[in-house]
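Okay, so here's the structure we're looking at.
There are 2 protein chains.
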Amino acid sequence: QDILKRNNHIAEHNRQLFRHHQHTVINLVSSPGSGKTTLLVETLKQLQTEYPIGVIEGDQQTSLDADRIKETGVPVVQINTGKGCHLEADRVQLAYEQLALPDSGLLFIENVGNLVCPAHFDLGEQHRVVIISVTEGDTKPLKYPDIFHQADLLILNKIDLLPYVDFDVAQCIDNARRIQPNIDCLQLSCRSGDNLQRWYQWLTSKVTSLE
Amino acid sequence: QDILKRNNHIAEHNRQLFRHHQHTVINLVSSPGSGKTTLLVETLKQLQTEYPIGVIEGDQQTSLDADRIKETGVPVVQINTGKGCHLEADRVQLAYEQLALPDSGLLFIENVGNLVCPAHFDLGEQHRVVIISVTEGDTKPLKYPDIFHQADLLILNKIDLLPYVDFDVAQCIDNARRIQPNIDCLQLSCRSGDNLQRWYQWLTSKVTSLE
Ligand SMILES: Nc1nc2c(ncn2[C@@H]2O[C@H](COP(=O)(O)OP(=O)(O)OP(=O)(O)O)[C@@H](O)[C@H]2O)c(=O)[nH]1
Ligand SMILES: Nc1nc2c(ncn2[C@@H]2O[C@H](COP(=O)(O)OP(=O)(O)OP(=O)(O)O)[C@@H](O)[C@H]2O)c(=O)[nH]1
Ligand SMILES: [Mg+2]
Ligand SMILES: [Mg+2]
Ligand SMILES: [Zn+2]
Ligand SMILES: [Zn+2]
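These protein sequence lines map, in sequence, to chains A and B. Following this note's numbering, the numbering of the first sequence begins with 75 at its first residue and continues without gaps. Following this note's numbering, the numbering of the second sequence begins with 75 at its first residue and continues without gaps.
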């Protein structure tokens, strides 16, 4: 319990720091392989000419995700958690200082692929976005409720695969709304580009609301 | 650290208990939604006439997975971990006592969907099987190495979806072998039934080697 208290204390500091620098901070969470990095790469290509953007990557091992972000030209710092299964506020604070981003714009934090622990570790972000791939099944919000309870937006990704899986979109959204009645929902595909515009609009609405 | 020591102590007790009752115990781990329960349901339908089988289910919330197992007629106990993101040996011991299975045969433990923590919590099982869905990407063994390091068998599931995703089967197996050189690998689809026979043969070889 002391770990959570200490973490939440540092997260509060982060939140003030982010607000001071007018950064809109998004914490991206999902199961491993739902498409966080793929979505980020597409998003950076589209928005980096409109806003300054930075990325903090979290993974147990490797810099594979940061390498994909680097290819877009956007500044990125990779955190390796070793045996840890989630990012914590203290390491995010250090990574943020390392990035030394110009004021205003967007900061994405890609968390470790895990539907459980990231729900309990506040990083200081303004928005938490949870991604479900339609290949994972439509009952995830009921089975892993905490992370949905804490999310502002649910993205259903890989909708190009809907014809080949048993996934009931309406049922999944209904399941998520049972856990978090106010959750926004977007359906998209990073592969086909389907409905990515709606995601860019959601992001823009969050950035402009900060200014 | 004390948590791990206590857990490993109880796991050792479990292992002796399982051996005493001649149960072949398999710990199934994966990301959320890779197909653990679907694989189990198919397997129980096929093998329950050949061996006595029992199942222990682990999830944060709900009995949705245990309900799917119950429909096959095989005895099952559901453990809900609440805020916990992995099963531990003490609760598995209680569930095992609750199942009160006849001697010999198979016990499956479906762990909580998580590629990190389950690697560090021994439950007393003889075999650990890790499942990757081909929709998750082929770099998972490098990014989440601990769980592959501890596995006897890697199953690549949902191969019916290969035509629609970027997944390099040979590369993924090579990545897994870099982490665990002796790991066995099977490719299958629970949906099409493709190559499930190889999985049944692998299981049978483990049961008979115990007798
Ligand atoms: N068909 C399809 N595949 C996708 C889509 N988005 C991502 N993928 C694939 O899904 C796999 C995993 O994507 P990533 O972006 O690496 O997933 P991630 O959530 O960042 O994974 P981790 O960081 O390891 O947790 C890759 O093979 C991608 O090509 C999509 O919209 N449709
Ligand atoms: N196309 C396809 N879909 C599959 C296959 N196996 C499972 N699925 C689907 O994948 C989704 C998740 O399957 P589950 O068996 O519930 O996955 P799980 O690993 O038990 O999930 P958790 O217990 O929540 O971690 C469901 O929609 C299944 O229908 C397969 O071989 N091919
Ligand atoms: Mg990623
Ligand atoms: Mg399951
Ligand atoms: Zn964790
Ligand atoms: Zn855990």
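Yeah, the Cβ is synthetic: ideal placement off N, Cα and C, and Gly gets one too. Computed from a predicted model, the values in this text were never measured in an experiment.
In the DSSP assignment, V281/A falls within the alpha helix (DSSP H) that extends over 270-284. Secondary structure in the segment 110-182 of chain A: the alpha helix (DSSP H) runs of 4 residues or longer, each lying completely within the stretch, are 110-121, 138-144, 163-173 in chain order. Chain-ordered, the chain A residues with CB closer than 8 Å to the CB of V190/B read Q134, K157, G158, C159, V186, N188. The beta-carbon of G267/B is placed no less than 7 Å from the nearest beta-carbon of chain A.
Set against 6 Å, the gap from the CB of K119/B to the closest heavy atom of ligand 3 is not smaller.
Among the CB atoms of chain A, one or more fall inside 7 Å of the CB of L216/B.
Against chain A, the CB of L235/B has a partner CB under 7 Å away; the residue lies at that interface. Runs of alpha helix (DSSP H) with 4 or more residues, each lying fully within the segment 185-223 of chain A, are found at 214-217, 219-223, listed in chain order. If the five residues before and after I153/A are omitted, its C-beta is found closer than 8 Å to the C-beta atoms of I130, E131, G132, D133, L161, R165, V166, A169, all from its own chain and listed in chain order. Classified as exposed, D141/B has fewer than 16 neighbouring CB atoms from the shown chains inside 10 Å of its CB.
Taking 6 Å as the cut-off, the C-beta of H160/B counts as close to a heavy atom of ligand 6. For D76/A, there is no enclosing beta strand (DSSP E); the residue is found in the alpha helix (DSSP H) stretching over 76-94. Bounds of the beta strand (DSSP E) holding V99/B are 98-104.
In terms of side-chain proximity, the C-beta atom of T136/B is found no nearer than 6 Å to any non-hydrogen atom of ligand 4.
For I229/A, the secondary structure class from DSSP, reduced to helix, strand or coil, is strand. Not a single C-beta of chain A is nearer than 7 Å to the C-beta of Y170/B. With respect to the 7 Å criterion, N188/B and N188/A are classified as neighbours on the basis of their beta carbons. At least one CB atom of chain B sits nearer than 7 Å to the CB of L138/A.
By the neighbour-count criterion, in which a residue is buried when 16 or more other Cβ atoms sit within 10 angstroms of its Cβ, S266/B is exposed. Going by beta carbons, D226/A and R252/A fall outside the 7 Å limit.
In the DSSP assignment, Q245/A falls outside any beta strand (DSSP E) and lies within the alpha helix (DSSP H) extending over 243-253. Of all alpha-carbon atoms in H194/B, P215/B, N185/B, S263/B, the one lying nearest the alpha-carbon of N231/B is that of S263/B. Per the CB criterion, closer than 5 Å to any heavy atom of ligand 3, the qualifying residues run in chain order as K110/A, T111/A, D139/A.
Chain order gives the chain A residues near S207/B as T209, where near means a beta carbon separation below 7 Å. Around the C-beta of S108/A, 16 or more other C-beta atoms lie within 10 Å, and the residue is accordingly described as buried.
Per DSSP, reduced to three states, the secondary structure at D258/B is strand. When 8 Å is used as the limit between beta carbons, D196/B is near no residue of chain A, the shortest such separation being about 15 Å.
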